[in-house]
Amino acid sequence: MTTAQTPQLDVQPSPLALLLLGRGADPRSERGVECPGDLPEPSDPDLVARARAAKEKLGSKVFVLGHHYQRDEVIQFADVTGDSFKLARDAAARPDAEYIVFCGVHFMAESADILTTDDQKVVLPDLAAGCSMADMATAEQVAECWDVLTEAGVAEQVVPVSYMNSSADIKAFTGKHGGTICTSSNAERALEWAFQQGEKVLFLPDQHLGRNTAVRDMGMSLEDCVLYNPHKPNGGLTPEQLRDAKMILWRGHCSVHGRFSLESVEDVRERVPGVNVLVHPECRHEVVAAADYVGSTEYIIKTLEAAPAGSKWAIGTELNLVRRLANRFAPEGKEIVFLDKTVCFCSTMNRIDLPHLVWTLESLAEGNLVNRIEVDRETEAFAKLALERMLALP
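Numbering follows the numbering used here, with no gaps: position 23 of the sequence shown is 383.
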């Protein structure tokens, strides 16, 4: 019996494969390229000491921001922690810091660059730390959507409202077209403002936050909402549907919060009698409807801080934060579990690990500026306009 020879194929990785590995670039995407130079080994036992030494050497020249979803090994070096907008504002409040090291994802670093001074340099430890939700709405797609709204005769009635979890390009589009930015904390206020300016809202890029805010918080019906799919002709909608809708929701979602299901809620209620279900508004509508409490990351933390000892909680948000909260409140007798049985980290946020942080801090301490995030002047101007409209909300 003979064995066929396997031909040697010259297989080159596709651009998408390289992008996912952090070794390629896509100017229309949040994701970037690999770090130049060599990273320290993840197993290096001196990583913590090296990070401390580099940070101490930099002193007040560096300000490290840590998003709530970061892993503990990174968050220990953060000067402040918080959600994306809080951190961007904290950076702006430290004009003396030459370097802002943002331990988060790309759109967050962009927001920090928009809000800080020209002399400050915002650095992202791994340029491949993007956001799948932000990637779901590109500038080209949103411009095409606006053309569809124009052809349907409704564009003049539409006010864009974009979630903070969006690229600088989308924030700039929003500012240019008279809209505002929102966070998960002030989405209702932002929508109320938008409906005072026009008859309809184009909500970008998270459909679930838009739908939950409109229906759960503002009393609209599901029929008032239509879903614009950028991968279908005309968004998959007819002119009549666009004319009848109040909320035009972009077909985007968070890969973490989108995993939670109604079955997750039902299952945890069976497993943990008397449990309180507390979820983020990026979750699906049926999950939010079945939960006991719904709110932003800051709301989740404050709710648990105020919870009585002995209470039980199932949390529907990123696992790093849930685990940190469970450890924090365990001494108070509060039982905190993850809503789903499946482990659910934010994979792109987790690209910021201790080796990347050490490499960044040591590079800066040696006078080498790496992985700077810069937003061009025109984009920054319109994006800042949209952010300022949000800051002016009552």
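In this text, a Cβ means the ideal position worked out from N, Cα and C, and glycines have one as well.
Other residues of its chain near residue i: CB distance less than 6 Å, five sequence neighbours each side excluded
i, result
"D713", "none"
"S615", "S492"
"N594", "V508"
"I474", "V735, E740, A743 and K744"
"G354", "Nothing in the structure corresponds to residue 354, since the chain is present only between 361 and 754."
"A452", "L475 and T476"
"L747", "I541"
"V682", "I675 and F698"
"R599", "It should be noted that the sequence gives Pro, not Arg, for residue 599. Contacts found: A512."
"R749", "T540"
Pair within 9 Å by beta-carbon distance, residue i and residue j
i, j, result
"F563", "S522", "yes"
"A499", "L425", "no"
"G464", "E658", "no"
"D627", "K701", "yes"
"L679", "L664", "no"
"L321", "L602", "No answer is possible for residue 321: it lies beyond the span of the chain, which begins at 361 and ends at 754."
"K560", "K606", "yes"
"C505", "W610", "yes"
"H645", "R571", "yes"
"D450", "F467", "no"
Residue from the options with nearest C-alpha to residue i
i, options, result
"G618", "M493, W610 and I530", "M493"
"N728", "G596, E416 and T720", "T720"
"F742", "G535, L484 and K415", "G535"
"P343", "Q567, T510, A453 and R549", "A query on residue 343 cannot be resolved here, the shown segment of the chain reaching from 361 to 754 and no further."
"W553", "G538, R629, M496 and G655", "G538"
"A328", "V647, F689 and V648", "Residue 328 is absent from the structure shown; the chain starts at 361 and stops at 754."
"L751", "N589, A448 and E416", "A448"
"V632", "I696, H613 and A725", "I696"
"V648", "E726, N589 and H568", "H568"
"A413", "R749, L717, L747 and E748", "L717"
"P520", "Q556, V654 and D495", "Q556"
"G558", "Y653, M580 and V518", "V518"
"D398", "N687, D486, S581 and I661", "D486"
"S420", "Q430, V408 and D456", "D456"
"M580", "I661, P599 and L551", "L551"
"T708", "L407, Y429 and A497", "Y429"
Residue i to residue j span [Cα, whole Å]
i, j, result
"D507", "C585", "19 Å"
"S526", "K694", "35 Å"
"L745", "H427", "24 Å"
"A438", "K415", "10 Å"
"S624", "V730", "42 Å"
"A503", "P400", "42 Å"
"I608", "N589", "10 Å"
"R410", "D479", "27 Å"
"G513", "A489", "39 Å"
"C704", "C643", "13 Å"
"E511", "Y653", "41 Å"
"L381", "V440", "Per-residue confidence for L381 stands at a pLDDT of 46, beneath the threshold of 50, marking its modelled position as unreliable; the derived number appears in the next sentence. Each residue's alpha carbon lies about 29 Å from the other."
"R454", "E583", "46 Å"
"V408", "D495", "33 Å"
"E630", "N687", "23 Å"
Check: residue i C-beta below 8 Å from any heavy atom of the ligand SAM
i, result
"R576", "Summarising the ligand content, the structure contains no ligands, and the ligand SAM is consequently not present."
CB contact below 9 Å: residue i versus chain C
i, result
"Y523", "No chain C is present in this structure, which holds just one protein chain."
Cβ-based neighbour list, residue i, same chain, cut-off 7 Å, excluding 5 preceding and 5 following
i, result
"A469", "F462, V482, L484 and I733"
"D404", "none"
"A515", "W506 and L509"
"H613", "M493, D566, Q567 and H568"
Own chain, CB closer than 8 Å to residue i, minus 5 neighbours either side, in chain order
i, result
"F445", "S471, M524 and T543"
"A669", "E692, G693 and K694"
"L418", "Y459, L721, L724 and A725"
"A650", "L622, V625, E626 and V637"
"Q501", "P590"
"S656", "D443, T543, S544, S545, H640 and P641"
"P402", "D713, L714 and P715"
The region 528-541 / the region 572-585 touching (three or more Cβ pairs under 8 Å): Here the region 528-541 does not lie against the region 572-585, with fewer than 3 beta-carbon pairs under 8 Å apart.
Meets three-Cβ-pair contact criterion under 8 Å: the region 704-713 and the region 424-434: yes
Any 3 or more C-beta pairs closer than 8 Å across the region 630-650 and the region 663-681: yes
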